[in-house]
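Below you'll find the structure, written out as structure tokens, and then a few comments.
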Amino acid sequence: MRNPNDVFHLAIPARDLDEAYDFYVTKLGCKLARRYPDRITLDFFGDQLVCHLSDRWDREVSMYPRHFGITFRDKKHFDNLYKLAKQRGIPFYHDLSRRFEGLIEEHETFFLMDPSNNLLEFKYYFDDRMMY
């Protein structure tokens, strides 16, 4: 089981570090931890995200199988991020929708797309037992 003091780490490709910085820090509100010529390291909602400069970023976009994001416990935090993304003009790959209506795993979700076509999904489950 994960210790809540531990930090999850994810590394993704970025075609341009200035674009990645603008998307994740300026628009999404993540904190820059470090910057090097070949990568930026970010505090992504309490976990570590590293954007590595790469020419192997996805040129074709698909939600499945690869995307990442945050499942919020607090609906207010989910709603606030959605409003922020709309206000700041962050590109949506898929706008707010509800999935599995009427089932225990019913949730709201939206997908954002960063400048290197990495897809980020943000979710809120109405029954928090469904988070995992």
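If you count by the UniProt record's numbering, then the sequence shown holds residues 1 to 132, one letter each, in order.
Using N, Cα and C, we set each Cβ at its ideal position, and we do this for glycine too.
Residue i - DSSP class collapsed to helix/strand/coil
| i | result |
| --- | --- |
| LEU81 | helix |
| MET113 | strand |
| GLU23 | Per the sequence shown, the amino acid found at residue 23 is Phe instead of Glu. The answer is helix: DSSP assigns PHE23 an H, G or I state. |
| ARG56 | coil |
| ASP6 | coil |
| ASP74 | coil |
| LEU49 | strand |
Residue interval of the beta strand (DSSP E) (run including residue i)
| i | result |
| --- | --- |
| SER97 | 92-99 |
| LEU120 | 119-125 |
| TYR36 | 31-36 |
| LEU10 | 9-14 |
| ASP43 | 39-44 |
| ILE104 | Counting along the chain, ILE104 falls outside any beta strand (DSSP E), and DSSP gives it neither H nor E. |
| GLY89 | Looking at the DSSP string, GLY89 is not in any beta strand (DSSP E), and its letter there is neither H nor E. |
Whole-angstrom C-beta distance between residue j and residue i, which should lie under 8 Å
| i | j | result |
| --- | --- | --- |
| ALA20 | ALA14 | 4 Å |
| LEU17 | LEU53 | 6 Å |
| HIS107 | PHE126 | 7 Å |
| LYS27 | ILE90 | 5 Å |
Three or more C-beta pairs under 8 Å: does that hold for the segment 66-76 against the segment 116-129?
As far as the Cβ criterion goes, the segment 66-76 touches the segment 116-129, which means the pair count is three or higher.
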